[in-house]
Amino acid sequence: MSASVEEVLDRLSTEISVRINSTAALVTDMDKAAAAIDRQRARKQDEKEPSSRMPELGPLRGADRQDLVSTPWNLLSVFARATTLARHGRGRGLAEHWQGLKYCQAMATGPSGHLALTDDGQSPELSYRAMQARELGRAFGLAVAERAVRNRFPDHMVSTMDAEAVLLAGFARSGPRPSLGARPRPDFFVEAWRPGGRSRVFVVTVNGNHQKATKRTAKADRSAFKQLARGSERAEHFHLAEWNTAPCLLMSTELLALDGITVNALQAPGEGLLPARPATGRGSADAVLSERNLAYAGAVQVPADGGKERFQDGFLVPRKEVGWYGQLLARTGAAGQLAFAGAGTEIAQYLTNKQGHKHYKQQTFAGSSSVRDARHKIGPTVYVGTDQVFRLNRIRVEAFSGISEELYDLLVKGQVEAYRNRAYELRDAYPTSTTAPLWGPVSFGDDGTVIALRVLPKKDGGESP
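Read in order, the letters of the sequence shown are residues 1 to 465 in this note's numbering.
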């Protein structure tokens with residue numbers, strides 16, 4: 001029997017442990033899978049050299065390796081906040097803005113006491129299975145990655161951006177529709193920042209799979225290990241200033257692990273430092289950026305290791321452009337905040353043409369896009385944003401995503417630096433609860449964002465239609 005709507009919403013707002021696997025043995029197992037991948041490629045393509053991967057990979061450290069305690073709703077909100085701009089910017093559809101809603105009934109506490117997939121979550125249609133692995137894998141992986149960054153820089157704010165949305169500004173291929181093509185790349189950039197200081201950038205790859213691995217499953221056949229190996233390849237295709245100076249976080253989520261959903265996690269060291277920006281003028285995040293046409297083929301110089309130096313393909317942000325890249329991250333993050341709140345043409349000011357400036361500058365038909373037309377006071381804060389009504393077991397449920405009205409007004413005016421200053425000042429002012437009066441599950445962000453669900457009142461004379 002399917003759970004009632006009340007049970008579903010209660011599960012979404014209940015904190016549960018998510019297993020984290022990050023050990024030295026995981027590095028060894030990934031290396032075995034990587035070697036098998038290289039052997040297979042060599043047989044098929046006669047490759048003489050193995051693919052380049054991140055060096056010095058190791059397990060997470062300290063508290064980062066502990067199980068992640070979170071609500072399913074907060075995990076879905078991490079996914080929503082990080083992907084709204086990239087996906088919404090392509091389709092502008094409500095289904096894409098609210099892509100995480102389809103997983104409301106997919107997670108619950110499993111037999112081991114850790115988070116696991118429900119019967120509904122384990123029985124997606126075949127055409128839907130890959131999408132579930134990809135999207136839920138991102139939700140779990142990003143939550144672990146963001147926690148790791150926060151643990152290392154507790155006095156910083158954390159912003160997550162889709163890597164493609166960022167890289168388009170500097171590396172888009174020529175053509176009527178700007179794209180990065182099939183070039184391997186990381187999935188996300190996580191920026192740890194505070195006003196007036198130097199930001200830190202982390203490169204992140206995230207994957208998920210439905211494999212039911214057993215003790216008999218060979219290391220080379222383990223989906224999680226292969227995903228980490230391929231993620232290492234994709235991460236190795238981005239470099240800041242010079243080869244491998246940006247730290248990296250690799251995640252692979254096993255949705256059907258025997259002891260509950262398990263996130264396999266590895267890291268590579270690096271500083272990932274960006275220069276401090278002035279509060280005003282051309283070097284600030286308030287300044288409109290021009291696009292770049294940066295090299296990709298043979299762009300990365302790899303230091304000599306017992307032989308000659310070599311060059312490899314990759315997205316290299318040259319040292320002279322690192323300041324521009326920092327501005328780009330801040331402005332793309334601002335666009336993502338507005339998109340999360342359902343803004344429309346206001347987003348265009350923060351994006352270059354290749355990122356979608358013209359697309360957002362155009363008006364869209366009502367009903368085909370999310371629109372900032374909702375306003376709620378949740379706790380002490382007034383949030384403005386967008387909402388959608390959908391049915392959960394025939395009951396009408398409202399979803400709302402928004403941002404503090406004060407912060408929204410600053411972003412609409414193009415005041416990114418003022419927004420960052422005020423967001424930093426208010427970072428401890430928001431609730432940390434998992435629900436709120438008149439609402440069901442709620443996820444409050446320390447950046448002033450919120451995403452919440454609630455059952456709508458029934459109409460007179462019967463069920464909620």
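For glycine and all other residues, C-beta sits at the position ideal for the given N, C-alpha and C. Model, not experiment: these values are computed from the prediction.
Q) If you draw a straight line from the alpha carbon of A33 to that of N21, how long is it in whole angstroms? A) Position 33 of the sequence shown, counted from the start, is the residue given in the question as residue 33. Position 21 of the sequence shown, counted from the start, is the residue given in the question as residue 21. Computed Cα separation, rounded: 17 Å.
**Q.** Exposed unless 16 or more other CB atoms sit within 10 angstroms - verdict on Q227
**A.** As a working note, residue 227 is residue 227 in the sequence shown. Buried, by the Cβ-count rule.
Q. Quick check: the region 132-140 against the region 160-177, are there 3 or more CB pairs under 8 Å?
A. no
Q. With 16 other CB atoms within 10 Å as the buried threshold, where does A139 fall?
A. Taking the first residue of the sequence shown as 1, we reach residue 139 at position 139. By the 10 Å Cβ count, A139 comes out buried.
Q | Terminal residues of the alpha helix (DSSP H) in which S223 lies | A | The sequence position of residue 223 within the sequence shown is 223, counting from 1. Unbroken alpha helix (DSSP H) run through S223: 223-235.
Q. What is the DSSP secondary structure of K354, reduced to helix, strand or coil?
A. Here residue 354 refers to the residue found at position 354 of the sequence shown. Coil, per DSSP.
Q: Closer than 6 Å by C-beta to H357: which residues in its own chain qualify, once you throw out the five before and the five after it? Chain order, please.
A: To locate residue 357, count along the sequence shown from 1; it is residue 357. A348, L351, listed in sequence order.
**Q.** Sequence-distant residues of the same chain with beta carbon closer than 7 Å to T14, five excluded per side
**A.** Counting from 1 along the sequence shown, the entry for residue 14 is found at position 14. Result list for T14: T71, in chain order.
Q. Closest Cβ-Cβ distance between V5 and chain B: below 8 Å?
A. Here chain B cannot be found, since the structure has a single protein chain.
(Q) Can you tell me where the alpha helix (DSSP H) holding N209 begins and where it ends? (A) Residue numbering aside, residue 209 sits at position 209 when the sequence shown is read from its first letter. It is not in any alpha helix (DSSP H) - N209 instead sits in the beta strand (DSSP E) that spans 200-209.
**Q.** Bridge partner(s) assigned by DSSP for G58
**A.** Stepping through the sequence shown from its first residue, residue 58 is reached at position 58. Q267.
(Q) Tell me the rounded alpha-carbon separation between T118 and A106. (A) Position 118 of the sequence shown, counting from 1, holds the residue named residue 118. Position 106 of the sequence shown, counting from 1, holds the residue named residue 106. Between T118 and A106, the C-alpha separation is close to 5 Å.
Q: Would you mind stating whether D259 and S17 have Cβ atoms separated by less than 8 Å?
A: What you label residue 259 is simply residue 259 of the sequence shown in a count that begins at 1. What you label residue 17 is simply residue 17 of the sequence shown in a count that begins at 1. No, the Cβ-Cβ distance between D259 and S17 is not below 8 Å.
Q) What separation, rounded to the nearest whole angstrom, lies between the Cα atoms of A329 and L101? A) Sequence index remark: in the sequence shown, residue 329 carries index 329 (1-based). Sequence index remark: in the sequence shown, residue 101 carries index 101 (1-based). Before going on, a small fix: residue 329 reads as Leu here, not Ala. The straight-line gap from Cα to Cα measures roughly 27 Å.
Q) Looking only at DSSP bridge pairs, what is R173 linked to? A) Mapped onto the sequence shown, residue 173 falls at position 173. The partner list for R173 (beta bridge, DSSP) reads S179.
Q. For V144, which residues of its own chain have a beta-carbon under 7 Å away from its beta-carbon, when the five flanking residues on both sides are left out?
A. Stepping through the sequence shown from its first residue, residue 144 is reached at position 144. Excluding residues within five positions, the ones whose Cβ falls inside 7 Å are I20, L68, M251, V263, A265.
Q) To the nearest angstrom, how far is it from the Cα of P431 to the Cα of F444? A) Reading the sequence shown from its first residue, position 431 is the one you call residue 431. Reading the sequence shown from its first residue, position 444 is the one you call residue 444. Going by the C-alpha atoms only, they are around 7 Å apart.
Q: Would you kindly check if the distance between the Cβ of I451 and the Cβ of V5 is under 8 Å?
A: Here residue 5 refers to the residue found at position 5 when the sequence shown is read from its first residue. Here residue 451 refers to the residue found at position 451 when the sequence shown is read from its first residue. Their beta carbons are not under 8 Å apart, which means V5 does not touch I451 by this criterion.
Q.
Please give the ranges of any alpha helix (DSSP H) in the region 368-451, keeping only runs that are unbroken, at least 4 residues long and fully inside the region.
A. 405-412, 416-425
(Q) Using CA atoms only, rank isn't needed, just tell me which of H237, G448, T435, D447 is closest to R454. (A) Residue 454 sits at position 454 when you count from the first residue of the sequence shown. Cα-wise, what sits closest to R454 is T435.
Q) Can you give the beta carbon distance from A341 to Y296, rounded, assuming they're within the 8 Å contact cut? A) In the sequence shown, counting from the first residue as 1, residue 341 sits at position 341. In the sequence shown, counting from the first residue as 1, residue 296 sits at position 296. With a Cβ gap of about 34 Å, A341 and Y296 do not count as contacting.
Q.
Taking the beta carbon of D387 as the centre, do at least 16 other beta carbons fall within 10 Å, making it buried, or is it exposed?
A. Here the question's residue 387 lines up with position 387 in the sequence shown. Answer is buried; the Cβ neighbour count reaches 16.
**Q.** Backbone CA spacing between F189 and A163 [nearest angstrom]
**A.** Your numbering for residue 189 matches position 189 in the sequence shown. Your numbering for residue 163 matches position 163 in the sequence shown. For F189 and A163, the distance between alpha carbons rounds to 6 Å.
Q: Starting from F340, trace the alpha helix (DSSP H) both ways and give me its first and last residue.
A: In the sequence shown, counting from the first residue as 1, residue 340 sits at position 340. Residues 322-340.
Q.
Here's a check: name, in chain order, each residue in its chain whose Cβ is nearer than 6 Å to the Cβ of S77, leaving out the five neighbours to either side.
A. Walking along the sequence shown from the start, residue 77 turns up at place 77. Closer than 6 Å at Cβ, skipping near neighbours: S443, I451.
Q: Evaluate the contact criterion for the region 302-315 versus the region 229-246: three or more CB pairs, one atom per stretch, below 8 Å.
A: yes
Q) Just how far apart, CA to CA, sit V389 and R222? A) Your numbering for residue 389 matches position 389 in the sequence shown. Your numbering for residue 222 matches position 222 in the sequence shown. For V389 and R222, the distance between alpha carbons rounds to 40 Å.
Q: Give a yes or no on whether the C-beta atoms belonging to L249 and G272 are separated by under 8 Å.
A: Position 249 of the sequence shown, counted from the first residue, corresponds to residue 249. Position 272 of the sequence shown, counted from the first residue, corresponds to residue 272. No, the pair does not count as a contact, with Cβ atoms beyond the cut-off.
(Q) Per DSSP, what are the beta-bridge partners of R11 in this structure? (A) In the sequence shown, the residue the question calls residue 11 occupies position 11. Bridge partners of R11: none, in fact.
(Q) Let me check understanding here. Comparing Cα to Cα, which of P184, R200, P186 lies closest to V158? (A) Taking the first residue of the sequence shown as position 1, residue 158 is located at position 158. For the residues P184, R200, P186, the minimum Cα distance to V158 belongs to R200.
(Q) Relative to the C-alpha of A165, which candidate in P457, H376, A339, K377 has its C-alpha closest? (A) As a first step, residue 165 must be located in the sequence shown, where it is residue number 165. Minimum Cα distance to A165 is reached at A339.
Q: Apply the 10 Å Cβ neighbour rule to R90 and answer buried if 16 or more other Cβ atoms are within range, or exposed otherwise.
A: The count along the sequence shown starts at 1 and reaches residue 90 at position 90. Residue confidence is low: R90 scores 41 on pLDDT, short of 50, so the model does not pin down where it sits. Its coordinate-derived value is still stated next. With fewer than 16 Cβ atoms within 10 Å of its Cβ, R90 is classed as exposed.
(Q) Only counting the same chain, and skipping five residues up and downstream in sequence, which positions put a Cβ closer than 6 Å to that of A213? (A) Translated into the one-based positions of the sequence shown, residue 213 becomes position 213. So the qualifying residues of the chain are R222.
Q) Where does Q301 sit, in a helix, a strand or coil, going by DSSP? A) Within the sequence shown, residue 301 is the residue found at index 301, counting from 1. Reduced to three states, the DSSP call for Q301 is strand.
(Q) Just to confirm, is the Cβ distance from A116 to F153 under 8 Å? (A) Taking the first residue of the sequence shown as 1, we reach residue 116 at position 116. Taking the first residue of the sequence shown as 1, we reach residue 153 at position 153. Cβ distance not < 8 Å, so A116 and F153 don't count as in contact.
Q | Cβ separation of G323 and P275, assumed to be a contact under 8 Å, to the nearest whole Å | A | Counted from its first residue, the sequence shown places residue 323 at position 323. Counted from its first residue, the sequence shown places residue 275 at position 275. Right, their Cβ atoms sit about 5 Å apart.
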